[in-house]
Structure formats: C-alpha cells, structure tokens
Amino acid sequence: MELVLKYFPNLKLRQKEQLEALLDLYADWNEKINVISRKDIEHLYLRHVLHSLAIAKFIQFKPNTQIIDVGTGGGFPGIPLAILFPDSHFTLLDAIGKKIKVVNAVSEGCGLRNVKGIHNNVSNIHEQFDFV
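Read left to right, the sequence shown gives residues 6 to 137 (the numbering used here).
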C-alpha cells in the first residue's frame, strides 16, 4: 500500500481505506476461488493495484464518465480505478460467473457504489460507454 501512496499521495482518507481493504478481501476470496495467482497475492499492490492505476497518470475520468472493463477477471483494473474515480461509473464485465461473484463481493466490501459487475459476454452488451 505504501507503494501506491508514493505515486498517488493525494488520496482521500476514504480512498486509502478502500484500497487498504483490498488485500484482505482478495486474500479471503482467493482461498475460495483462485482469482489471483497464490504467489501474486502478496504483491497485490504492486502487480495489480498500482498497474491498474497507471492509466490515471494519463487520463483523468470526469464525473459521470461511463467505463466498461471487458474481461475484468477479478476486477482489475476496474475496482482500483473505481476507487480513484468515485464520480465515474464502472461496468465490470466477464463471461465467467465466479469472477463476477468476486468482483461484486469486493466492490461491496469496499463500499463502492459506482461499480456494477455483469456476468455476460461483450457481444450481448448494447449500452454506450465513454471508455472501454
């Protein structure tokens, strides 16, 4: 988590709390469903969270921006970006139901209200998004 704060020092307290909660949430779910490589879980903040947030160094999503994360897997990069941009709306899509189960549980565990996990195939999605 310290590494994330090094690159994103201006996070609000709520965002820090949400990001800190990710390790326990993913570790718990990883015991039930192998979402992240067991070797990678100890490097969650470097290999998953920080990599997910890298886009924020180049793009700042405006409020009410609609973003879809196609093939989200366990929620990367969607969940960390949703924490960083709480006024944007994130649809996290995956064709594998157990992954979306994790996405929804982690989102709920972090108190994210701007994330919607959908178990479906991208060819069945007809909504318009600002970013894919």
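Backbone N, C-alpha and C define an ideal beta-carbon position, used for all residues, glycine too.
query, result
"Separation of H56 from K121, as counted between CA atoms", "21 Å"
"For H56, three-class secondary structure by DSSP", "helix"
"Distance between beta carbons of H94 and Q71, contact taken as under 8 Å", "5 Å"
"C-alpha gap between D33 and S128, whole angstroms", "32 Å"
"Reference H3, options G116, T96, I105, L16, closest by Cα", "Because the chain spans 6 through 137 in this model, residue 3 falls outside it and cannot be assessed."
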